[in-house]
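Enquirer:
Numbering (the UniProt record's numbering), first residue to last: 1 to 499.
1. Excluding the 5 residues flanking residue 102 on each side, which residues of the same chain have their C-beta closer than 8 angstroms to its C-beta?
2. How many Å lie between residue 486 and residue 248 at the Cα?
3. For residue 491, count neighbouring Cβ atoms within 10 angstroms of its own Cβ and tell me buried if that reaches 16, exposed if not.
4. CA-CA distance, residue 233 and residue 222?
5. Using a 10 Å radius around the Cβ and a threshold of 16 neighbouring Cβ atoms, would you call residue 474 buried or exposed?
6. According to DSSP, simplified to helix, strand and coil, what is residue 277?
7. Which one or two residues does DSSP pair with residue 349 in a beta bridge?
8. Please state whether DSSP places residue 164 in a helix, a strand or coil.
9. Would you tell me roughly how many angstroms separate the C-alpha atoms of residue 271 and residue 241, rounded to the nearest one?
10. Going by the DSSP bridge assignment, what does residue 47 pair with across the sheet?
11. Here's the rule: buried if 16 or more other CB atoms are within 10 angstroms of the residue's CB, otherwise exposed. What is residue 238?
12. Can you list, in chain order, the residues of its chain whose CB lies under 7 angstroms from that of residue 208, leaving out five sequence neighbours each side?
13. Between residue 108 and the rest of its own chain, which residues show a CB-CB distance below 6 angstroms, the 5 nearest in sequence each way excluded?
14. Does the count of Cβ pairs from the region 184-191 and the region 138-157 closer than 8 angstroms reach three?
15. Rounded to whole angstroms, what is the Cα-Cα separation between residue 260 and residue 67?
16. Span of the alpha helix (DSSP H) holding residue 102?
17. Count the other CB atoms, across all protein chains shown, that sit within 10 Å of the CB of residue 449; report buried if there are 16 or more and exposed otherwise.
18. Within its chain, find whatever has a CB closer than 6 angstroms to the CB of residue 494; leave out the 5 residues flanking it on each side and keep chain order.
19. Suppose the cutoff is 6 angstroms on Cβ atoms and the five residues either side in sequence are ignored; what does the same chain contact list for residue 479 look like?
20. Applying the criterion that 16 or more other CB atoms from any shown protein chain within 10 Å of the CB defines a buried residue, is residue 321 buried or exposed?
21. Apart from the five residues on each side of it in sequence, which residues of its chain come closer than 6 angstroms, Cβ to Cβ, to residue 124?
22. Mind checking residue 84: buried by the 16 CB within 10 Å criterion, or exposed?
23. Alpha carbon to alpha carbon, what distance is there between residue 245 and residue 331?
24. Within this structure, are the beta carbons of residue 436 and residue 180 separated by less than 8 angstroms?
25. What does the alpha-carbon distance come out to for the pair residue 414 and residue 73?
26. In three-state terms, what does DSSP make of residue 129?
27. Classify residue 278: buried if its beta carbon has 16 or more other beta carbons within 10 angstroms, exposed otherwise.
28. Alpha carbon to alpha carbon, how far is residue 443 from residue 235? Give it in angstroms, no decimals.
29. Does the beta-carbon distance from residue 24 to residue 58 come in below 8 angstroms?
30. Spatial neighbours of residue 216 within its chain, please: C-beta separation below 8 angstroms, excluding the five flanking residues on both sides.
31. In the DSSP output, which residue or residues are listed as bridge partners for residue 386?
32. Under 8 angstroms, do residue 8 and residue 431 count as touching if we go by C-beta distance?
33. What residue from 127, 80, 121 and 81 has the CA that sits closest to residue 96's CA?
34. Do the region 128-139 and the region 166-173 make contact, defined as three or more Cβ pairs closer than 8 angstroms?
35. Judging by CA-CA distance, which residue of 80, 61, 48 and 457 is the nearest neighbour of residue 38?
36. Give the straight-line distance between the Cα atoms of residue 273 and residue 192, rounded to the nearest whole angstrom.
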């Protein structure tokens, strides 16, 4: 039986930056998928904004090309014909406020809500909001969606937020982090707070340590100029990894309302132990990929990428040991790592539980492997619980093995529509639901912590960039960082191991 979804409100959806990679790769395909399952209100209008002298027919052609390229299955003519009737295009230079009236003419005035999606550099957010204010599209119940990164440090983030907040209320602002729309992340609150087996064992009394890995096998995708000014710490840790960290460590909210959840997340961000020039060498590793091979294909190093102009010291890999100074998590280290041009593309959370104080099987095994809960974000979102059981043998020896209990969210969702991250986030934006979006104080608290690391790197000359081969798992120093604590990184391609 197929799940029945509530349709969205009728709205005008304006996509600023409709010519860009994000719109073509994610937004337009997501709108097509929502159209297929009839979740877009019949009156909703989609208006692409870009600096190009296109007519509507050419824009429709551009959209169709994007769908053909980025939608995995053949385009369904029936649903494409419905979607293309919603489309319109506005040739607009967002820096020219006086021309925003051209955009106003494209709006369907019968729709009470206009959503402005800013798929453009954050430096343009302020001027776009000023233009929207000029044509009256900033008042409630209108909404605005902002893509990360919002700034490159705390100061620039505050500047951008101040510019936007001048024209929009906080409840109108949707700061998007697409990791929060992934099915596994959505299941984290349910996993934690609906299952007593985890509720009573989710703290420093039961958990030994936690690993969060977001690995990419791609490089910088011809975005050298952008990426070299940002780096992996700002690009991935400030948003994705810290958001994941808050969700797996937050205390139970008083209810499932948006601000109740956000209030608990901000407490975690405030409790992060600062990393300074004294402890930065022991708690962080940064690296940069060199020439190597991924799946048999030769990959150039970062310093050989197209567009490079100088000998860059920007990190493409970072691993961090994080401590949370509160009653629940004191003494539990959290190991974060993320990098580009690694051997595999995957994201996971691995929670290692403490062993019992007494080992009943000590005559056969000096130390038993730890139970571990692996939460797979991508690919194949799901949960694995590693347990220990006895092998079936003819003797009475306790020959033990590790086995895995598996829950695969994608397999369990075959009867229901499995929404991808951007599909769900666009849907929630059109429904006016902010739970999966980030509040301003979360963004700025995260930047405070990230800024302290960047400052420490500049002060401590011993924290140099470590090279690592493309196709590897990162710099050897990252392995050494966790080995010092008598731990190892979880292996992605794992099999059942006989002890």
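Virtual Cβ for every residue (Gly too), placed ideally from N, Cα, C.
Predicted model, so just to flag it, every value in this text is computed and none were measured.
Expert: On the basis of the supplied data:
1. 90, 91 and 92
2. 23 angstroms
3. exposed
4. 19 angstroms
5. buried
6. coil
7. 212 and 375
8. helix
9. 16 angstroms
10. 14 and 88
11. buried
12. 352, 353, 354 and 370
13. 12 and 45
14. no
15. 38 angstroms
16. 100-104
17. buried
18. In this prediction, residue 494 scores a pLDDT of 46, lower than 50, which makes its location untrustworthy; the coordinate-derived value is nonetheless stated afterwards. There are no such residues.
19. none
20. buried
21. 94
22. buried
23. 16 angstroms
24. yes
25. Below a pLDDT of 50, predicted positions are generally treated as unreliable, and residue 414, at 49, falls in that range; the measurement from the model is reported next regardless. Answer to the nearest angstrom: the Cα atoms are 16 angstroms apart.
26. helix
27. exposed
28. 13 angstroms
29. no
30. 338, 339, 340, 341, 342 and 345
31. 372 and 404
32. yes
33. 127
34. yes
35. 80
36. 24 angstroms
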